[in-house]
Every structure is written in C-alpha cells, then in structure tokens.
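Following: one structure in structure tokens, then a few remarks.
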Amino acid sequence: MYDFIIIGAGSAGCVMANRLSADTKKKVLLIEAGPEDKSASIHVPLGIALLSRSKTLNWQFNTDVQTELNSRELFWPRGKTYGGSSSINAMVYIRGQKEDYDSWEKLGNKGWSYKDVLPYFIKSEGNQTINCKLHGNSGPLFVDNLRTVNRLSDAFVDAGEELGYKVNNDFNGDDQNGFGRYHVTQKNGERCSAAKAYLTPVLARSNLDVISAAQVTKIVFEGNKTVGVEYAKNNATHSIGLKDKGEVILSGGALNSPQILMLSGIGPEAELKRHGISEVKKLEGVGQNLQDHLDITLMDSSISKEAIAVTPLGMVKGAMATVDYIKNKKGFLTSNVAESGGFIKSDKSQKTPNIQFHFLPTYLKDHGREIMLGYGYTLHICDIRPKSRGFIALKTANPLDEPLIQPRYLTEEDDWVNLVNGYKIGRKLLKTKAFAPYRDKEVAPGSIVESDDQIREDIRKRAESIYHPVGTCKMGNDKMAVVDHQLKVHGIKGLRVVDASIMPNVVAGNTNAPTIMIAEKAADMILNSK
Ligand SMILES: Cc1cc2nc3c(=O)[nH]c(=O)nc-3n(C[C@H](O)[C@H](O)[C@H](O)COP(=O)(O)OP(=O)(O)OC[C@H]3O[C@@H](n4cnc5c(N)ncnc54)[C@H](O)[C@@H]3O)c2cc1C
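Residue numbering for the sequence shown is 175 to 704, as defined by this note's numbering.
This is the structure:
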C-alpha cells in the first residue's frame with residue numbers, strides 16, 4: 175500500500191517521484207512502461223540520431239490519416255524509458271511566452287499566471303551560464319550552452335540579423351523575439367533528462383519503489399474514490415493498493431494519460447460505450463483538445479564540409495569526435511542537432527512570435543529514420559500558435575494497443591496562412607549572404623515551389639510533427655475540462671493528472687521545461703495540502 179502511485183516516469187513523473195518521496199513518511203511507487211535508461215544513445219547527446227529508430231525506448235506511434243496532409247499518417251515518437259520523452263528529445267530549453275501562462279489563468283486557472291509559474295521554472299533550473307532573477311542556478315535540471323557549436327548554426331543566427339531581426343542570447347528572458355543559439359538541458363556534456371535530473375539521484379531512497387517495464391492497464395476505483403492500479407509485467411497482471419487518503423498521479427503523457435483514463439472508465443460517454451467499458455465518471459473532455467506543433471523543413475546541400483555528415487570524411491571525424499567525447503566530453507557528439515533557432519512573427523498582425531525555427535547543421539529526413547549522404551543543413555519552420563484541435567480516442571479496449579491519435583492538423587485556415595508565411599521567411603533566411611560560403615542548392619522542397627499554392631502542396635506532402643502534443647486532459651472548470659487548477663480529476667477523489675496533457679493551450683515553444691514546471695508546481699500543491 176502506497177501513499178502515492180505515480181504512473182509514468184517521464185518529464186513530469188520523475189519530478190513527482192523526487193519531490194513526493196522527499197517526505198520520508200510517505201511511501202511512493204513509480205511505474206514505468208519502458209526499461210531503465212541505460213542506453214548510451216540516451217546520454218550521449220548526438221545519440222538522438224538513433225533514438226527515433228529504437229523500438230524499446232520509443233513508443234513509435236503513428237497518427238490517424240491527416241486529410242489536409244494528403245491522407246498521410248504521421249510518425250509520433252514518444253519516450254518509453256526513465257525520463258520519458260525527455261530521454262529522447264532534442265534538449266532545447268524553452269519556457270514559452272509570458273502570455274501563454276497569463277492566458278491559462280484568464281481561462282479560470284487560478285495560480286497559473288506567468289508570475290505564479292516563474293518560481294517553479296526557477297526552482298527546477300540549474301543554469302550554468304546565466305545569472306539573473308529570471309533564472310535558477312541550483313535546480314536539478316541542468317541548463318547549459320552547447321559545448322561545441324557548428325559554424326553553420328551561427329550562420330543561421332547571422333542570417334536572422336541580416337534580415338533585420340535581433341540577436342537574442344536568452345529566449346527565456348524578457349523577450350522571446352529574435353535569433354540565437356539554443357540553451358540545452360545537458361550536464362557536463364551529457365543529456366540531462368528528467369530522470370538524470372530528478373530520478374537517478376534519489377533511486378536509493380528507501381521510501382521510493384520503482385518498477386520498470388510495467389505497463390499500467392487500469393486505475394481502480396471504489397465509487398468515485400481511487401483505490402489502486404493494475405499493471406502488466408512479464409505477461410501477468412498485478413494489482414497495487416493505495417492507502418486511505420493516498421493519491422494516484424497520472425503522468426503518462428498527452429497520449430497515454432487520456433487513454434488510461436478512458437480504459438479505467440473516465441471519459442466521453444459515447445467512447446466508453448463504444449468499447450464496452452463501465453463508466454466511473456463521464457468526462458467529455460478526456461482526449462479532446464489535442465494540440466501539436468506542425469513543422470515543415472527546408473534543406474540545402476552544402477559546398478563546405480562543415481556540416482555533421484554521413485560521408486567518408488564524416489566517418490573519420492566521427493571516430494576522432496568519439497575519442498574527444500570520451501576524454502573531454504566535448505566535440506560534435508555533444509550536439510543536440512537543433513543547435514540554433516529563432517522566434518518571429520509571421521506577419522505584423524501577430525502580437526507575439528508565432529513561428530519558431532530550429533536550425534540543424536546536418537541533413538534530417540523522416541525524423542532521422544532515413545539516412546541522407548553528403549553535406550547539407552536543415553531548417554525547421556514551425557507554427558507555435560496553432561488553432562487546429564484534434565483528439566485521442568481508443569482504438570480498442572485492450573490497454574496494450576496504441577491509442578487512436580487524430581491531431582486534425584491544418585483544419586483551421588489561419589494555421590495554413592501562418593505556416594506558409596513562415597515558410598517564405600525561412601526560404602529568405604537560407605538565401606542570405608550569411609549562407610553564401612556554405613550554400614550549394616536547395617534539396618528540399620527540391621522542386622519548383624514558388625507560389626502560395628505550391629507551398630501549400632509542399633506542406634501537404636512533407637509537413638511533420640515537431641513532437642509537442644498537449645491538452646488532452648485540460649485544466650479548467652468548463653464542461654470540457656478534465657482537471658481543476660490543482661490538477662485533480664473533476665468528480666474523482668485521489669487522482670491527479672500531472673503532465674503535458676493538462677495544458678489548456680500549447681505554449682509557444684518546446685514543451686519539456688513547461689511540463690517539468692507543471693510537475694514542480696503540482697508537487698508543491700500536494701505537499702502543502704497534506
Ligand atoms: C523526439 C522528441 C523531441 C523533442 N524535443 C524537445 C526539445 O528539444 N525541447 C523540449 O522542450 N521538448 C521537446 N520535446 C517534447 C518534450 O520532451 C515533451 O513535451 C515532454 O517530455 C512531455 O513530458 P510528459 O511527462 O508529459 O510525457 P513523457 O515524458 O512522454 O512521459 C510519459 C511517460 O509515461 C510512460 N507511460 C505511458 N503510458 C504508461 C503506462 N500505461 N504505464 C506506465 N508508464 C506509462 C511513458 O513510457 C513515458 O515514460 C520532444 C519530444 C520528442 C518525442
């Protein structure tokens with residue numbers, strides 16, 4: 175019997191395990207579907223190139239058919255190991271915009287304005303380079319400059335400046351606008367996942383148990399009271415009970431958390447009926463409000479040999495870099511690949527940036543699953559304020575089957591307009607003088623794409639996710655809300671959802687740091703209420 179059972183050792187789950195088990199009087203259990211995070215490809219930053227292909231560390235989901243994207247089914251990688259998606263992500267440290275959090279509070283979520291959440295960003299952060307009131311220097315999540323930056327990545331920042339945008343050395347400072355190198359969640363040249371930051375250091379605590387390779391299949395209730403969970407491990411089903419006044423913390427991420435709720439009888443009435451699941455609580459919002467950042471890439475081949483490349487010379491450089499990495503934890507093995515970037519407004523009517531760029535000093539095709547030979551670089555262009563909304567549903571009532579993922583990308587005309595405008599600006603950036611020493615020719619789109627219609631066609635053909643699904647157990651008090659402002663599931667005792675799924679609206683930027691902030695705040699709320 176436990177005081178807290180945490181489902182999922184991802185970005186949020188690791189924070190919860192650490193903070194809740196700090197109270198030695200509480201017994202905490204963390205259950206993770208994936209294995210321990212032992213693989214070197216997790217810890218060596220450039221190992222990210224291998225992680226999209228891993229069947230053991232990655233759920234490797236695919237979406238349902240996207241009508242606006244030539245009926246394609248898009249690949250959605252998600253982490254399945256200690257650290258969850260923070261163990262396979264690109265390590266970019268971005269908090270989003272002040273306006274994101276102020277809008278959450280305006281929707282009725284007391285205590286979630288920027289002013290309220292800033293202390294939790296600061297609490298989590300161990301920034302190694304910036305010393306100011308907006309940053310934390312002693313938190314567990316190490317944030318650092320890249321140790322080795324490719325010259326091409328700096329050319330991208332110069333390109334932004336050349337087009338009149340400002341250089342921004344801190345996207346998480348007062349203003350997100352501009353171009354700069356990304357800060358990364360790395361510690362001494364290694365990935366600093368949520369597991370490395372929060373879980374590994376406390377694994378020896380006697381009041382914390384962790385079960386890996388165990389998939390929670392159901393949360394168990396008596397009436398509307400949470401009493402335990404069931405999980406599958408080694409082809410058997412196991413049950414674990416919760417102490418009276420204990421809590422289950424659901425941190426399965428934006429895809430699995432709503433799936434687990436539905437499998438346990440909490441969700442839209444029609445969906446539960448369709449799969450013959452007994453209803454515990456009708457909550458129409460479970461799985462709804464799915465939002466993600468859609469992304470289109472441009473790629474140029476390069477006349478210079480600066481890029482990280484799969485070529486005979488690239489292999490030699492790779493061998494030398496391995497030695498450098500082992501000895502000094504430096505060199506291009508420390509690259510997070512998305513080394514620099516920028517935030518801009520796609521047109522003058524935007525009040526704050528709505529387009530994010532990630533620049534990669536290498537080719538990247540099909541999430542790294544397809545190897546491209548030769549020297550080249552890739553620009554990711556992403557709409558960070560999408561209006562399109564999708565949903566998660568159940569494909570079947572079998573907990574071991576993947577959920578149905580329907581993001582409904584580009585079903586709002588504004589999303590088309592913004593992405594097309596971003597595409598045009600991206601093209602201009604790659605055509606600047608800053609890239610003159612490197613540029614050979616455009617290889618993606620790779621055909622004649624000039625008019626808006628042609629750009630739309632290219633987006634239909636090639637756009638992909640940049641991995642920020644949120645919103646499927648949204649916080650609020652309207653009829654589609656799943657959790658309240660304390661992240662308690664409406665109408666249920668002893669159950670909170672704590673992960674990216676609770677965001678009412680996706681933040682304008684990457685989602686790891688915001689998810690860790692959410693968990694820090696949740697842990698504080700729980701500990702202060704006991
Ligand atoms: C390829 C990729 C690149 C990204 N790049 C960046 C980036 O550079 N910067 C950034 O800020 N964000 C990035 N993100 C997004 C960011 O990592 C996620 O938003 C964040 O990690 C989500 O945290 P979470 O706790 O909600 O879910 P996750 O971290 O996904 O954790 C969910 C955990 O629950 C486990 N789980 C699920 N179901 C069950 C079950 N039934 N039983 C037991 N365990 C279960 C999962 O295995 C997983 O470990 C990226 C994501 C991906 C996939």
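Backbone N, C-alpha and C fix where the C-beta goes; we use that ideal spot for every residue, glycine too.
Give the DSSP-derived three-state secondary structure of residue i in the structure shown.
i	result
I555	strand
E134	Residue coverage of the chain in this structure runs from 175 to 704, which leaves residue 134 outside it and unanswerable.
V358	strand
A682	coil
R613	strand
Y275	helix
H412	strand
F295	helix
I268	coil
T391	strand
T168	Summary: the structure shown does not reach residue 168, with the chain confined to residues 175 through 704, and so no result is reported for it.
I385	strand
T536	coil
G352	strand
N263	coil
R252	coil
V657	strand
Y597	helix
Q433	helix
Y641	coil
N305	coil
A191	helix
S327	helix
I482	coil
V591	helix
V403	strand
Q580	strand
T646	coil
A368	helix
Y288	helix
M473	strand
In angstroms with no decimal places, state the Cα-to-Cα distance between residue i and residue j.
i	j	result
K455	G665	7 Å
E480	V266	22 Å
T400	V657	15 Å
G450	E206	27 Å
S431	P251	16 Å
D332	K598	18 Å
T411	K569	21 Å
G512	F533	A small correction: the amino acid at residue 512 is Ala; Gly does not occupy that position in the sequence shown. Taking the straight line from one Cα to the other gives about 5 Å.
V663	Y288	23 Å
G300	K503	19 Å
E396	P535	55 Å
E445	A567	7 Å
If you drop the 5 nearest sequence neighbours on each side, which residues of the same chain put their C-beta closer than 6 Å to that of residue i?
i	result
L538	T552
A371	P314 and L315
D466	P581, S639, H642 and P643
E364	H217
L224	S215
A674	A428, V644, T685 and T689
P573	T391 and L437
P678	W278, L281, K648, M649 and G650
M546	Y537 and K539
E443	K456
D632	P619 and V623
In its own chain, which residues sit with a C-beta less than 8 Å from the C-beta of residue i, not counting the 5 before and 5 after it?
i	result
M654	E458, G459, Q462, N463 and K648
V358	P219, M265, V266, Y267, V317, D318, N319, L320 and N510
M699	Q660 and L661
Ordered along the chain, which non-local residues of its own chain (more than five positions away) have a Cβ less than 7 Å from that of residue i?
i	result
V594	D626, I629 and R630
G668	K399, T400, L416, G420, E421 and V422
S213	L231
T303	D318 and N319
D177	K200, K201, V202, K417 and G420
G347	L308
S195	V202, V376, R379, N381 and L382
Y294	M691, E694 and K695
- Query: Would you call the segment 481-491 and the segment 557-566 in contact, with 3 or more CB pairs under 8 Å?
  - Reply: No, the segment 481-491 is not in contact with the segment 557-566.
- Message: For the structure I just gave you, are there three or more beta carbon pairs, one from the segment 178-195 and one from the segment 256-263, closer than 8 Å?
- Response: Output reads yes: the segment 256-263 touches the segment 178-195.
- Query: Quick check: the segment 602-609 against the segment 523-530, are there 3 or more CB pairs under 8 Å?
  - Reply: No, the segment 602-609 does not touch the segment 523-530.
- Message: Within 8 Å, do at least three Cβ pairs link the segment 273-286 to the segment 375-395?
- Response: Counting C-beta pairs closer than 8 Å gives fewer than three between the segment 375-395 and the segment 273-286, which falls short of the contact rule.
- Item | the segment 349-356 in contact with the segment 321-341 per 3-pair CB rule at 8 Å | Yes, since at least three Cβ pairs between the segment 349-356 and the segment 321-341 fall closer than 8 Å, the two stretches touch.
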